[in-house]
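Residue numbers (our numbering), protein chains in the order written: chain W, 1 to 229; chain H, 1001 to 1280. Let me begin by presenting the structure, written as structure tokens, before commenting on it.
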Amino acid sequence: MDLATLAWKIEGMFPNALCQWVPVALSVDVPAATVSPGWLPGLELALWRSAAGHIAASSNRCPHRGMRLSHGFVRGENLSCIYHGWSFGPDGGCVRIPAHPDMTPPATINSQNKAVLEAGGIVWVCDSNPKSPPPDFHGLVPVRSLTIEASLAALEAAARAVADGKGLLAATIDGVRIHMALAPLAGPQLLAHVLVAADSTCEDRIAASRAAEAFRRMAEAMSPESAAA
Amino acid sequence: MTRQPMIDEWYPVGLVSKLSTTGQDTMLMGQPVHVALGNGGEPLVTAQSRRFPVISRFGHVWTSLGEPKKDLFAIPEAYQPGRRFVDVGVVRVRCSPLRAVENFLDIAHFPFVHTDILGAEPHTEVQRYEVEIREREDEVWATKIHFYQPQAAKSAEGGITTEYMYRVPAPTCSILYKTCPPRPGEWDVITLFVQPLGEELCDVWPWMALFDDTTPMVDLIHFQQLIFLQDRSILENQMPRLLPLDPAMEIPTRADMTSVAYRRWLKRHNYTYGAQLVAQ
């Protein structure tokens, strides 16, 4: 096992110890003018895309009264909180407080946006200053994401394979080979982005999606949490 | 650990109209209690060997786990002839009881949470109003609040600028006085009585004393329940669940003067059940 893989498994660092870029969602699942929740280890995010297509990852907490910004709405190039309509720009700065329409919001009010980029159809977020780019899943394209209520160890046991230092798990079931890019969620939960070879047919992609569901069921049946329940 | 002064306050634990001899189990500040009708027709609040003090007032049964130092607050309008009294019922909310009260004191959310009912864009501005802690009564008061409302009440026809007054006479209770569309010069009374089940879970009992002779009772109840269910979607998604009393934790503006005074008043009295003192 290489050092990056070891760090990832022991420290929960995704996907590598140096830059900690986390694959939080597929690009297609955050369409223009929408917001949805996302997760970094220990931190909730509001992932949103402006009307013009600009992607952003804010802390999922409005600095005003603590409301989850993922319940908010996107208008134009800004994300607004559903509670009082406070609006934040792509850099996180507060641009509007509707209760005081004539006031310019102080520069200190900020939605704490994180470093975010899109590569290979995946939205990557980093909580610190990224020192290197996210891993390159060359030749693979995303199919879908799914949540797995199991630990990484349980999924690896189900897949009879181990994740590499990029956080990528390759596995085969009933002759269908898939890759899963993994990210941690709260508790013993994983977010898995299913990837297939770029030249896969529509049927291949459907089969990959079903294979991922099979691994999910096996991992969840193996997890001590589901055994207890 | 010092004694939590909120233990000596009165809290609602049920509707007088729903009392039965079999009774109901509920919770108050983590203590399981049983609320029932006694043989003499009087409400009883008990827990195994203990019997708690009881008051029946404003449609609700009130009790206290401690030793109340004063009577339950008064609402003079509750005895005014011509008003209809509305038991709205109960809404369980997974939030701090103090967050539930603070949300009730807030008007700036009307256009976004109660869209086209209690508020609507572009009428979002909150004009300056007055807030004070009345020392003699030991209550928080906010007055001279004006806000444009598309449908201020079930009885309102079209948009009006409504005037509001808020009163906080107890840490988990608030009373709202607002313009009464069918009777100018009088105030409709809408209250929020919050039963703290735990620090992050509460039962909210709204109650109203209105001048409205025409709207069917069921419509009055539905209107208020709709409003409160809209609030619940907010209250269950605020982080942290506890109300932060550390000023560094959340950023208020001039529109939040009532909330700021409420938090200050809670802190002054050490009313911290459901509050977070230091940012975590």
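Where is the CB? At the ideal position from N, CA and C, for every residue including glycine.
Range covered by the beta strand (DSSP E) that runs through residue i
i	result
residue 178 (chain W)	176 to 184
residue 1085 (chain H)	1084 to 1087
residue 96 (chain W)	94 to 96
residue 1103 (chain H)	That residue, residue 1103 (chain H), is in no beta strand (DSSP E); its alpha helix (DSSP H) goes 1097 to 1104.
residue 1139 (chain H)	1139 to 1149
residue 1043 (chain H)	1043 to 1047
residue 1024 (chain H)	1024 to 1028
residue 1235 (chain H)	From DSSP, residue 1235 (chain H) is part of no beta strand (DSSP E) but of the alpha helix (DSSP H) over 1217 to 1235.
Contacts around residue i, its chain only, beta-carbon distance under 8 Å, and the 5 residues preceding and following it disregarded
i	result
residue 1047 (chain H)	1031, 1032, 1033 and 1034
residue 1204 (chain H)	1090, 1091, 1092, 1093, 1100, 1192, 1193, 1194, 1195 and 1228
residue 1256 (chain H)	1106 and 1108
residue 1211 (chain H)	1082, 1083, 1084, 1180, 1182, 1183, 1186 and 1188
residue 1162 (chain H)	1146, 1147, 1148, 1149, 1152, 1178 and 1179
Exposed unless 16 or more other CB atoms sit within 10 angstroms - verdict on residue i
i	result
residue 1208 (chain H)	buried
residue 1231 (chain H)	buried
residue 1278 (chain H)	exposed
residue 1188 (chain H)	buried
residue 1076 (chain H)	exposed
residue 1218 (chain H)	exposed
residue 1021 (chain H)	exposed
residue 1172 (chain H)	buried
residue 1263 (chain H)	buried
Euclidean distance between Cα positions of residue i and residue j
i	j	result
residue 23 (chain W)	residue 116 (chain W)	10 Å
residue 62 (chain W)	residue 1201 (chain H)	22 Å
residue 1244 (chain H)	residue 1179 (chain H)	32 Å
residue 68 (chain W)	residue 1038 (chain H)	46 Å
residue 175 (chain W)	residue 1198 (chain H)	53 Å
residue 1142 (chain H)	residue 187 (chain W)	43 Å
residue 145 (chain W)	residue 172 (chain W)	18 Å
residue 154 (chain W)	residue 177 (chain W)	19 Å
residue 1082 (chain H)	residue 1103 (chain H)	30 Å
residue 180 (chain W)	residue 52 (chain W)	30 Å
residue 1271 (chain H)	residue 78 (chain W)	38 Å
residue 88 (chain W)	residue 1014 (chain H)	43 Å
residue 1119 (chain H)	residue 1023 (chain H)	40 Å
residue 1095 (chain H)	residue 1238 (chain H)	8 Å
residue 1045 (chain H)	residue 1018 (chain H)	14 Å
residue 1154 (chain H)	residue 82 (chain W)	24 Å
residue 45 (chain W)	residue 59 (chain W)	5 Å
residue 216 (chain W)	residue 137 (chain W)	22 Å
residue 21 (chain W)	residue 1052 (chain H)	57 Å
residue 1159 (chain H)	residue 1117 (chain H)	9 Å
Proximity below 8 Å, CB of residue i to CB of residue j
i	j	result
residue 90 (chain W)	residue 64 (chain W)	no
residue 70 (chain W)	residue 27 (chain W)	no
residue 84 (chain W)	residue 107 (chain W)	no
residue 125 (chain W)	residue 42 (chain W)	no
residue 1265 (chain H)	residue 1086 (chain H)	no
residue 121 (chain W)	residue 198 (chain W)	no
residue 103 (chain W)	residue 97 (chain W)	yes
residue 1281 (chain H)	residue 1058 (chain H)	Here chain H has residues from 1001 to 1280 only, and residue 1281 (chain H) is not among them.
residue 169 (chain W)	residue 161 (chain W)	yes
residue 1009 (chain H)	residue 1064 (chain H)	yes
residue 1029 (chain H)	residue 1007 (chain H)	yes
residue 66 (chain W)	residue 1005 (chain H)	no
Extent of the continuous alpha helix (DSSP H) to which residue i belongs
i	result
residue 1200 (chain H)	No alpha helix (DSSP H) contains residue 1200 (chain H), which DSSP labels as neither H nor E.
residue 1262 (chain H)	1257 to 1268
residue 110 (chain W)	Per DSSP, residue 110 (chain W) belongs to no alpha helix (DSSP H) and is neither H nor E.
residue 265 (chain W)	Coverage of chain W is limited to positions 1 through 229, which leaves residue 265 (chain W) absent and any answer about it impossible.
residue 156 (chain W)	152 to 159
residue 1111 (chain H)	1110 to 1113
Beta-carbon contacts of residue i that lie in its chain and below 7 Å, excluding the five residues immediately before and after
i	result
residue 31 (chain W)	49
residue 227 (chain W)	Its pLDDT being 49, under 50, residue 227 (chain W) is placed unreliably in this model, and the value from its coordinates should be taken loosely. Result list for residue 227 (chain W): empty, nothing under 7 Å.
Contacts around residue i, its chain only, beta-carbon distance under 6 Å, and the 5 residues preceding and following it disregarded
i	result
residue 229 (chain W)	With a pLDDT of only 46 at residue 229 (chain W), under the threshold of 50, the placement of this residue in the model should not be trusted, and no figure is reported.
residue 1221 (chain H)	1088
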